[in-house]
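Colleague: Taking my numbering, the leading residue of the sequence shown gets 1, the next gets one more, and so forth.
We put the CB at the ideal spot given by N, CA and C, even for glycine.
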Amino acid sequence: MAGVILSACKESQLTGKSLAYIITFVNYAVIRTGGKQYKVSVGQQIKIEKLPVEKGKPVEFDEVLLAVDGDKVEIGKDKLPIKVKATVVDQAKGKKISVFKYKAKTGYHKKTGHRQKLTVVRIDKIGS
Numbered sequence: 001m002a003g004v005i006l007s008a009c010k011e012s013q014l015t016g017k018s019l020a021y022i023i024t025f026v027n028y029a030v031i032r033t034g035g036k037q038y039k040v041s042v043g044q045q046i047k048i049e050k051l052p053v054e055k056g057k058p059v060e061f062d063e064v065l066l067a068v069d070g071d072k073v074e075i076g077k078d079k080l081p082i083k084v085k086a087t088v089v090d091q092a093k094g095k096k097i098s099v100f101k102y103k104a105k106t107g108y109h110k111k112t113g114h115r116q117k118l119t120v121v122r123i124d125k126i127g128s
């Protein structure tokens with residue numbers, strides 16, 4: 001699970017009436033690929049812009065912008081010397097979008113569609 005795991009415990013046992021949440025941070029990183037940034041953690045599957053890698057092959061992301069390990073936070077000015085290792089799970093297509101162009105009084109209209117090609121990857125390891 002990415003980000004924060006919330007463990008609920010009854011506050012009535014501690015101080016009062018409602019639920020209190022104990023926040024435990026999980027190891028995660030922010031990577032950049034395909035012109036976008038993704039917050040990833042170990043075991044997570046994400047859909048990213050298409051990579052020319054076959055299904056089942058490993059892939060390595062070296063553009064790590066932020067890394068969090070418990071209380072330790074590393075932020076790179078450009079990028080960190082950390083790598084995120086992942087495995088390609090599938091090559092997929094995104095949702096279809098329709099684009100419709102129309103000009104009034106001339107009878108001009110044009111309809112086109114687009115489906116973005118995506119790569120589904122599973123994050124295996126965060127670190128060097």
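Opposite glutamate 54 in the DSSP bridges: which residues?
Modeller: According to DSSP, which records beta bridges pairwise, glutamate 54 is partnered with nothing at all.
Colleague: Do aspartate 62 and lysine 79 have their CB atoms nearer than 9 Å?
Modeller: yes
Colleague: Between lysine 101 and threonine 112, what straight-line distance do the alpha-carbon atoms span, to the nearest angstrom?
Modeller: 9 Å
Colleague: Quick one: what's got a C-beta closer than 6 Å to glutamine 116's C-beta in the same chain, skipping five residues either side?
Modeller: Gly94
Colleague: Return the bridge partner residues of arginine 37 from the DSSP annotation.
Modeller: This sequence places glutamine at residue 37; arginine is not what is there. DSSP, once it has assigned bridges, lists Arg32 as partnering glutamine 37.
Colleague: From the DSSP output, in three-state form, read off isoleucine 82 for me.
Modeller: coil
Colleague: Cα separation between leucine 66 and threonine 33?
Modeller: If I take the Cα positions, the gap works out to 14 Å.
Colleague: Along the chain, where does the beta strand (DSSP E) that runs through arginine 115 open and close?
Modeller: Element bounds for arginine 115: n/a, residue is neither H nor E.
Colleague: Under 9 Å, do isoleucine 31 and valine 64 count as touching if we go by C-beta distance?
Modeller: yes
Colleague: Quick check on DSSP: helix, strand or coil for aspartate 124?
Modeller: strand
Colleague: Where does threonine 106 sit, in a helix, a strand or coil, going by DSSP?
Modeller: coil
Colleague: What is the DSSP secondary structure of tyrosine 21, counted as helix, strand or coil?
Modeller: Summary for tyrosine 21: the model assigns pLDDT 42, below 50, so the residue's position carries little reliability; its value from the coordinates is reported in the next sentence. DSSP places tyrosine 21 in strand when its eight states are reduced to three.
Colleague: Grab the span of the beta strand (DSSP E) containing lysine 64 for me, first residue to last.
Modeller: It is worth fixing the name first, because residue 64 is valine in this sequence and not lysine. Taken as a continuous stretch (DSSP letters only), the beta strand (DSSP E) holding valine 64 covers 64-69.
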